[in-house]
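Single-structure report; data block below.
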Amino acid sequence: MKILVATEKPFAKLAVDGIREIVEDAGFELCLLEKYTDVSELYLAVADVDALIVRSDKVTKEVIDAAKNLKIVVRAGAGFDNLDLAACTARNIVAMNTPGQNSNAVAELAIGMMIYMFRNCFNPGTGAELKGKKLGIHAYGNVGRLVANIAKGFGMLVYAFDPFIPADKIKADGVTPLDSVEKLYSTSHFISLHIPATEETKKSIGYHLLSKMPKGGCLVNTARKEVINEDELLKVMEERADLKYCTDIAPTNAEEMKSKFTTRFFATPKKMGAETAEANINAGLAAATQIVKFLKKGDKTFQVN
Ligand code: 3PG
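One point on numbering: in the working numbering, the residue at position 226 of the sequence shown is 229, and numbering is uninterrupted.
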């Protein structure tokens, strides 16, 4: 059986070594496609593989069609909006993610972004501290919970909105649950976004919510670019000279935002939330282990389709 790791943005070497060990110990063969620049390379590489590990690489219907022997695809990470689940299901291919495995790296970046934005993007001048500020966690999943925990160490007052998590569970972490998304935005100096990109959430963060933020408010996006209504974000930042936006996924209009808002806007050059050796190892090894368990025992834990 052949297991392909196809990563436009490769894992750290240690992670690849660990994946290889798991795959070969199980008696399978590891194939690698790293830093590919054209999707045609992916079509070729998947042609005879039984299993596929990807990061944010797009597994489209065309990729699935090209992978005649594919039985399982694992997104080594949390968000699986890059997988065409319908195409997988139509071919009886199991799709999985590796929830929680890279969350700490993303959470640390979100906190780092808050400090960066409140310290004038590390330019000279008077900044502000995180201590005593109100932080709103928008979606209290694995990353949101970790951001909350770190933020409490900074002395921040942490709030969360997540209609899918019982209020008691949020309260037990010393976080104040809020019952409406509007309340979260009107309460919080910082919003840390952790919603997935789905048909319901796409473009859902726009004028209506951002205009409610208190003076000097800062939106931190380590989730997905698609959840932002970029035109409305631009409009509200033009109207409110106090608002800030920091993102790990550059908006389509990044150049315009940068020139208009200078130190009120920052986007990383390439998504780096999960770019730590630890996150690569955790997510990569989990993906390989899940594939071996599925191929050997039919274990479908973490299936998402
Ligand atoms: C995730 O959903 O796990 C993160 O967005 C990480 O994505 P990456 O593996 O492309 O860095």
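Glycine is no exception: its CB is placed at the ideal position from the N, C-alpha and C atoms.
Identify, in the order they occur along the chain, each residue of the same chain with its Cβ nearer than 8 Å to the Cβ of residue 287, setting aside the five sequence neighbours on each side.
For the purposes of this step, residue 287 is taken as residue 284 along the sequence shown, with counting starting at 1. Closer than 8 Å at the Cβ level, and outside the excluded window around residue 287, lie 8, 14, 18, 19, 21, 22, 56 and 79.
Can you tell me whether DSSP reads residue 237 as helix, strand or coil?
Taking the first residue of the sequence shown as 1, we reach residue 237 at position 234. Helix.
Let me check understanding here. Comparing Cα to Cα, which of 266, 201 and 223 lies closest to residue 188?
Stepping through the sequence shown from its first residue, residue 188 is reached at position 185. Among 266, 201 and 223, the Cα nearest to that of residue 188 is on 223.
Is the CB-CB distance between residue 267 and residue 236 below 9 Å?
For the purposes of this step, residue 267 is taken as residue 264 along the sequence shown, with counting starting at 1. For the purposes of this step, residue 236 is taken as residue 233 along the sequence shown, with counting starting at 1. Going by C-beta atoms, residue 267 is not nearer than 9 Å to residue 236.
May I ask you to check if the CB of residue 109 is nearer than 8 Å to at least one heavy atom of ligand 1?
Within the sequence shown, numbered from 1, the residue matching residue 109 stands at position 106. Under cutoff, so the answer is yes.
If we ignore side chains and look at the alpha-carbon of each, how far apart do residue 31 and residue 172 end up?
Locating residue 31 in the sequence shown gives position 28, where the first residue counts as 1. Locating residue 172 in the sequence shown gives position 169, where the first residue counts as 1. Residue 31 and residue 172: Cα-Cα distance of roughly 41 Å.
Let me know the secondary structure DSSP gives residue 54 once reduced to three states.
As a working note, residue 54 is residue 51 in the sequence shown. Of the three classes helix, strand and coil, the one that applies to residue 54 here is strand, per DSSP.
As an exercise, report each continuous beta strand (DSSP E) stretch of at least 3 residues that is fully enclosed by the segment 176-238, in chain order.
The qualifying runs are 193-196 and 221-224.
Since residue 249 sits in a beta bridge, which residues does DSSP pair it with?
As a working mapping, residue 249 is identified with position 246 in the sequence shown. BP columns for residue 249 point to 223 and 269.
Give me the residue from 4, 159 and 163 with the minimum Cα distance to residue 51.
By one-based count along the sequence shown, residue 51 stands at place 48. Cα-wise, what sits closest to residue 51 is 4.
Taking only heavy atoms of ligand 1 into account, decide whether any of them is closer than 8 Å to the Cβ of residue 215.
Locating residue 215 in the sequence shown gives position 212, counting from the first residue. Residue 215: no, Cβ never under 8 Å from ligand 1.
Using the C-alpha atoms, what's the distance from residue 75 back to residue 96?
By one-based count along the sequence shown, residue 96 stands at place 93. By one-based count along the sequence shown, residue 75 stands at place 72. If I take the Cα positions, the gap works out to 5 Å.
Which partner residues of residue 139 appear in the DSSP bridge assignment?
Within the sequence shown, numbered from 1, the residue matching residue 139 stands at position 136. According to DSSP, residue 139 bridges with 162 and 194.
For residue 170, I'd like the list of residues in its chain whose CB is within less than 6 Å of its CB, leaving aside the five on either flank, ordered along the chain.
Within the sequence shown, numbered from 1, the residue matching residue 170 stands at position 167. Closer than 6 Å at Cβ, skipping near neighbours: 180.
Express the C-alpha separation of residue 213 and residue 250 in angstroms, rounding to a whole number.
Residue numbering aside, residue 250 sits at position 247 when the sequence shown is read from its first letter. Residue numbering aside, residue 213 sits at position 210 when the sequence shown is read from its first letter. Near 15 Å, if we compare the C-alpha coordinates of residue 213 and residue 250.
Exposed or buried, residue 273, counting other C-beta atoms within 10 Å across all chains shown (16 or more means buried)?
For this step, residue 273 is matched to residue 270 along the sequence shown. Under this definition residue 273 is an exposed residue.
So does residue 278 have its beta carbon nearer than 8 Å to some heavy atom of ligand 1?
Indexing the sequence shown from 1 puts residue 278 at position 275. Yes.
Under a three-way DSSP split, which group does residue 104 fall into?
For the purposes of this step, residue 104 is taken as the residue at position 101 of the sequence shown. The answer is coil: DSSP assigns residue 104 none of H, G, I, E or B.
Which residue's Cα is closest to the Cα of residue 120: 190, 167 and 271?
As a first step, residue 120 must be located in the sequence shown, where it is residue number 117. Closest by alpha carbon: 271.
Compute the Euclidean distance between the alpha carbons of residue 243 and residue 263, then round it to the nearest angstrom.
As a working mapping, residue 243 is identified with position 240 in the sequence shown. As a working mapping, residue 263 is identified with position 260 in the sequence shown. When rounded, the distance between both Cα atoms is 12 Å.
Does the Cβ-Cβ distance between residue 99 and residue 307 come in under 9 Å?
By one-based count along the sequence shown, residue 99 stands at place 96. By one-based count along the sequence shown, residue 307 stands at place 304. The answer is yes: Cβ separation under 9 Å.
Using only CA atoms, which one of 167, 117, 29 and 163 lies nearest to residue 174?
Taking the first residue of the sequence shown as 1, we reach residue 174 at position 171. Of the candidates 167, 117, 29 and 163, the one whose C-alpha sits nearest the C-alpha of residue 174 is 163.
Please report the straight-line C-alpha distance between residue 117 and residue 221, rounded to a whole angstrom.
For the purposes of this step, residue 117 is taken as the residue at position 114 of the sequence shown. For the purposes of this step, residue 221 is taken as the residue at position 218 of the sequence shown. Their Cα atoms are separated by approximately 8 Å.
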